[in-house]
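Engineer: Dropping a structure here in structure tokens format, bear with me for questions.
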Amino acid sequence: MNLETLNKQFELPGKLQLTVSDSGIPVVEINTPVSSAAISIQGAQLVSWTPVDEEPVIWLSPSAILGPNKAIRGGIPICWPWFGPHESDGRLPSHGYARTALWDVVEIVELEDEQVRVSFRLDKRSVPTEIMTFDCEVELSISVGSILTLDLRTTNSNSNPITISEALHSYFNVGDVRNVEVSGLDGCSYLDKVDAGRIKEQLGAVLFSQETDRVYIDTVSECIISDPVLQRKIHINKQGSLSTVVWNPWSEKAAQMADMGENDYLHMLCVETANVANNSLTLNPGESHEMSVSYSVSRVA
Ligand code: BG6
């Protein structure tokens with residue numbers, strides 16, 4: 000789908016613009032009186048969201064590489080239909096293929112309260128057959144306003160049951176991760192990926208002083224990122240999701256990544272809405288599942 004077709008199809012109002020990044024990736028830009036956002040059509044990946052009078056809420060690596068079939072470091076990558084390494088075939092790409100696939104834009108509409116909703120469907124033709132593990136329909140809608148909402152819907156179009164894992168891998172912009180705390184996970188069990196996958200229990204808020212890579216299981220509560228440097232709280236409310244992944248690579252891991260600068264890890268934190276590990280989903284033929292999340296910001300003195 001090219002930009003001209005999209006522009007014609009959706010008669011885009013003045014608030015929207017379709018642009019092409021230097022690397023040829025089409026991006027939908029949204030500017031309303033309440034917020035601005037940009038979404039890459041490759042991966043249906045939101046790459047920025049900034050409510051009016053706020054610092055950006057979503058972090059995009061200053062060294063992110065945008066290019067065909069490249070995963071973009073930052074924003075909200077869609078990990079689907081598996082999270083992390085594929086469980087039986089190490090040759091398959093980490094976090095599945097949705098984040099590098101092309102998606103079709105199926106609808107762009109203005110809603111009340113200055114919200115704009117962009118709906119996508121994964122274009123299966125853009126996925127190489129050797130990595131497409133089964134046939135499945137997946138749709139994503141992103142509603143941009145003073146609140147940001149993502150809704151990921153999977154429908155099993157096979158004649159057999161399928162099992163998937165998934166994550167909305169949100170990267171948040173924080174003042175200094177060493178001062179941040181994440182509440183909402185107290186008492187939850189987590190799989191500690193930096194300690195041989197040991198199962199541990201969270202006591203109190205999550206604090207950051209080293210590499211952190213945790214899969215919290217059976218989590219339903221709101222998570223709040225409290226950020227004293229940017230003087231705000233980011234609220235994460237989810238539905239249809241039983242896992243929360245918390246990740247910061249810290250300095251040593253970040254240094255091994257081509258798309259992260261030296262001190263960038265201090266300014267980002269992933270708190271991901273997910274269904275992974277024990278919370279992976281099995282869908283019967285014809286069955287659908289929806290996982291959604293809303294992000295909002297409140298100021299603290
Ligand atoms: C997190 C995982 O969700 O994503 C980490 O828990 C992983 O283990 C990280 O390193 C980044 O993954 P990638 O494939 O985008 O480098």
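Those letters in the sequence shown? Residues 0 to 300, per numbering that gives the first Met the number 0, in order. Built from N, CA and C at the ideal position, the CB exists for glycine as well.
Here's the rule I'm using: 16 or more other beta-carbon atoms within 10 Å means buried, otherwise exposed. How should Asp226 be labelled?
Structural biologist: By the 10 Å Cβ count, Asp226 comes out buried.
Engineer: Would you mind giving the Cβ-Cβ distance between Val56 and Ile233, rounded to the nearest angstrom? I have them listed as a contact below 8 Å.
Structural biologist: Right, the Cβ-Cβ distance comes to about 6 Å (below 8 Å), so this counts as a contact.
Engineer: Would you mind working out which of Gly239, Trp102, Pro127, Tyr170 sits nearest Glu138, comparing C-alpha positions?
Structural biologist: Here the closest residue by C-alpha is Trp102.
Engineer: Could you tell me if Val115 is buried or exposed, where buried requires 16 or more neighbouring beta carbons within 10 angstroms of its beta carbon?
Structural biologist: When all chains shown are included, Val115 counts as buried.
Engineer: Does DSSP classify Thr4 as helix, strand or coil?
Structural biologist: Thr4: helix per DSSP, three-state reduction.
Engineer: The ligand BG6 and Asn94: does the residue's C-beta get closer than 6 Å to at least one heavy atom of that ligand?
Structural biologist: As written in the sequence, residue 94 is His, which differs from the Asn given in the question. Yes.
Engineer: Going by beta-carbon coordinates alone, are Val126 and Tyr96 separated by less than 7 Å?
Structural biologist: Yes, the pair counts as a contact, with Cβ atoms nearer than the cut-off.
Engineer: So what's Tyr189 in DSSP terms, helix, strand or just coil?
Structural biologist: Strand.
Engineer: Return the residue from the list Ile71, Gly196, Glu53, Leu268 that minimises the CA-CA distance to Ala100.
Structural biologist: For the residues Ile71, Gly196, Glu53, Leu268, the minimum Cα distance to Ala100 belongs to Ile71.
Engineer: Compare the C-alpha of Gly66 against each of Val108, Thr18, Gly23, Ile107 and name the closest.
Structural biologist: Measuring from the Cα of Gly66, the nearest candidate turns out to be Gly23.
Engineer: Using a threshold of 6 Å, is the CB atom of Val296 nearer than that to any non-hydrogen atom of the ligand BG6?
Structural biologist: Checking every heavy atom of the ligand BG6 against the Cβ of Val296, none is found closer than 6 Å.
Engineer: Tell me which same chain residues have a C-beta within less than 8 Å of the C-beta of Asn157, skipping the five on either side of it?
Structural biologist: For Asn157, where only same-chain residues beyond five positions count, the Cβ hits under 8 Å are Phe133, Asp134, Cys135, Pro284.
Engineer: State the start and end residues of the unbroken beta strand (DSSP E) segment that holds Trp102.
Structural biologist: 102 to 109 is the extent of the beta strand (DSSP E) around Trp102.
Engineer: Can you list, in chain order, the stretches of the alpha helix (DSSP H) that have 4 or more residues and sit fully within the stretch 201 to 259?
Structural biologist: Within the stretch 201 to 259, the complete alpha helix (DSSP H) runs of at least 4 residues are 249 to 254.
Engineer: Val296 and Glu53 - do their beta-carbons sit closer together than 7 Å?
Structural biologist: Taking 7 Å as the Cβ cut-off, Glu53 and Val296 qualify as a contacting pair.
Engineer: In three-state terms, what does DSSP make of Arg177?
Structural biologist: Helix at Arg177.
Engineer: Can you grab the Cα-Cα spacing for the pair Tyr189 / Asn277, in whole Å?
Structural biologist: One C-alpha to the other measures close to 11 Å.
Engineer: According to DSSP, simplified to helix, strand and coil, what is His85?
Structural biologist: Reduced to three states, the DSSP call for His85 is coil.
Engineer: Quick check on Ser138: does DSSP put it in helix, strand or coil?
Structural biologist: Reading off the sequence shown, one finds Glu at residue 138, where the question assumed Ser. Looking at Glu138 - three-state DSSP - the assignment turns out to be strand.
Engineer: Over what stretch of residues does the beta strand (DSSP E) that includes Tyr294 continue unbroken?
Structural biologist: First-last of the beta strand (DSSP E) with Tyr294: 287 to 298.
Engineer: Looking at the strands, I want to know which residues DSSP matches up with Ser118.
Structural biologist: Ser118 is bridged to Glu106, Ser140.
Engineer: Do Trp246 and the ligand ZN come close, with the Cβ less than 6 Å from some heavy atom?
Structural biologist: Ligands displayed in this structure: the ligand BG6; the ligand ZN is not among them.
Engineer: With burial defined as no fewer than 16 other Cβ atoms inside 10 Å of the residue's Cβ, what is the status of Ala166: buried or exposed?
Structural biologist: Counting Cβ neighbours within 10 Å, Ala166 comes out buried, since at least 16 surround it.
Engineer: Going by beta-carbon coordinates alone, are Glu210 and Val228 separated by less than 7 Å?
Structural biologist: No, the Cβ-Cβ distance between Glu210 and Val228 is not below 7 Å.
Engineer: Quick check: does the Cβ of Asp212 come within less than 6 Å of any heavy atom belonging to the ligand BG6?
Structural biologist: Indeed, a heavy atom of the ligand BG6 lies less than 6 Å from the Cβ.
Engineer: Should Tyr294 and Ile224 be called a contact, given that it needs their Cβ atoms to be closer than 7 Å?
Structural biologist: Not closer than 7 Å, so no.
Engineer: Contact defined as beta carbons within less than 8 Å: I believe Val46 pairs with Val33. What is the distance between those atoms, to the nearest angstrom?
Structural biologist: With a Cβ gap of about 19 Å, Val46 and Val33 do not count as contacting.
Engineer: Locate the beta strand (DSSP E) running through Tyr170, then write down its first and last residues.
Structural biologist: Unbroken beta strand (DSSP E) run through Tyr170: 170 to 172.
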